[in-house]
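Take a look at the structure below.
Chains as they are written, first to last, in this note's numbering: chain A, 1 to 207; chain B, 1001 to 1154.
Take a look at the structure:
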């Protein structure tokens, strides 16, 4: 009898050890997968950041009372100012020149509801220098600043919003040449956003 | 070439022009309405300002193909509007004009301002009129006239 008890005890011990090993190994595996997903998400974000800080995007995400224009991001001509709703002021609205579509014959870009991004979505400092990747990421993911968009909402915004899409169809400059495009195609931009969103919209650390 | 049915100063107008033609040149060349002036051609000076669906619009950069059904009002008809009439009266009262070339655009922008902001501050005036250049520098008189028109329109 004592021998049988000892055998049972040993078997129980083995089962417990095996169970513990399975739990530990599963947790470690999950941690490795999670780390990989976060790394992929951060890599996706860095691609997104390269697009957001391209002149086609950041020229209307200013921290100042005016929009910018051109690849050199100079102050918008005609003393255009932001106005209370980001659409200029009476007599000098965005819509005074910018129509529903690009006007290639005159070189004025256009799109639906042409306007400046709100100051909560500024991606530059007051000296027109782009904010860091971490700072832009924090702003973009802050639901108190981004019209309460969660990850899927941000993805949809990047996929479908008319003025986002405009960045890949920016039309001609007044001299007839084409405006430059962001560094990724729209398809690549959406794919990078998706990787970032699926990883839980991680942001780089730092200021 | 394409044919467009326009609503200009409350009247139907038909023009057959290249779709890329700016509204300014349709007004001046095809409809012979020369009150709207060509200044810079790149929306930098405001001399060509008209109203499109009530919005002060730089007609030199808006192709006719993008106007659609929206009504166009030019300097020729702005006096039929009570605020437009008040602005024109104030312009005369304050003797604003010097050479006069930019003034039709100035008046169109001033009317757009007063329709949205009946009692504008100096800042409102500077912001709304900041895109209308006057090489004779009549800016001080323009500001006085806008304030006078605001008083008249009460």
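Ideal placement from N, C-alpha and C gives every residue a C-beta, glycine not left out.
{"Query": "Host alpha helix (DSSP H) of residue 154 of chain A (start-end)", "Result": "151-160"}
{"Query": "Distance, residue 139 of chain A Cα to residue 126 of chain A Cα", "Result": "16 Å"}
{"Query": "Identity of the residues DSSP links to residue 1004 of chain B by a beta bridge", "Result": "B:1015"}
{"Query": "Through-space distance from residue 1121 of chain B to residue 1003 of chain B, alpha-carbon basis", "Result": "44 Å"}
{"Query": "Helix, strand or coil at residue 1082 of chain B according to DSSP, with G and I counted as helix", "Result": "helix"}
{"Query": "CB contact below 9 Å: residue 101 of chain A versus chain B", "Result": "yes"}
{"Query": "Buried/exposed call for residue 1108 of chain B, threshold 16 Cβ in 10 Å", "Result": "buried"}
{"Query": "Coil, strand or helix - residue 130 of chain A by DSSP", "Result": "strand"}
{"Query": "Where residue 1062 of chain B meets chain A, residues with beta-carbon distance less than 8 Å", "Result": "97, 99, 103, 106 and 108"}
{"Query": "Closer than 7 Å at the beta carbon, the chain A residues around residue 1129 of chain B", "Result": "91"}
{"Query": "Residues sharing a beta bridge with residue 103 of chain A, DSSP", "Result": "A:108"}
{"Query": "Whole-number beta carbon distance between residue 1032 of chain B and residue 1047 of chain B, since they are thought to touch under 8 Å", "Result": "The Cβ separation is near 18 Å, so there is no contact."}
{"Query": "Chain B within 9 Å of residue 79 of chain A, Cβ atoms only", "Result": "yes"}
{"Query": "Touching by the beta-carbon criterion (3+ pairs, under 8 Å), the region 1010-1029 of chain B and the region 181-193 of chain A", "Result": "no"}
{"Query": "Assigned secondary structure, residue 1039 of chain B (DSSP; H/G/I helix, E/B strand, else coil)", "Result": "coil"}
{"Query": "Within 9 Å, strictly: CB atoms of residue 1142 of chain B and residue 1088 of chain B", "Result": "no"}
{"Query": "Boundaries (first-last residue) of the alpha helix (DSSP H) holding residue 193 of chain A", "Result": "186-198"}
{"Query": "Other residues of its chain near residue 184 of chain A: CB distance less than 8 Å, five sequence neighbours each side excluded", "Result": "47, 50, 51 and 192"}
{"Query": "Minimum Cβ-Cβ distance from residue 1117 of chain B to chain A less than 9 Å", "Result": "yes"}
{"Query": "Residue 1111 of chain B, enclosing beta strand (DSSP E) - first and last residue", "Result": "Not the beta strand (DSSP E): residue 1111 of chain B falls in the alpha helix (DSSP H), residues 1103-1116."}
{"Query": "Backbone secondary structure at residue 88 of chain A - three-state DSSP", "Result": "strand"}
{"Query": "Assigned secondary structure, residue 143 of chain A (DSSP; H/G/I helix, E/B strand, else coil)", "Result": "coil"}
{"Query": "8 Å CB neighbourhood of residue 1093 of chain B in its chain, flanking five on each side removed", "Result": "1145 and 1148"}
{"Query": "Identity of the residue in B:1080, B:1112 and B:1078 nearest residue 90 of chain A by Cα", "Result": "B:1112"}
{"Query": "Span separating the alpha-carbon of residue 194 of chain A from that of residue 1070 of chain B", "Result": "40 Å"}
{"Query": "Simplified DSSP assignment, three categories, for residue 265 of chain A", "Result": "There is simply no residue 265 of chain A to check, as chain A begins at 1 and stops at 207 in what is shown."}
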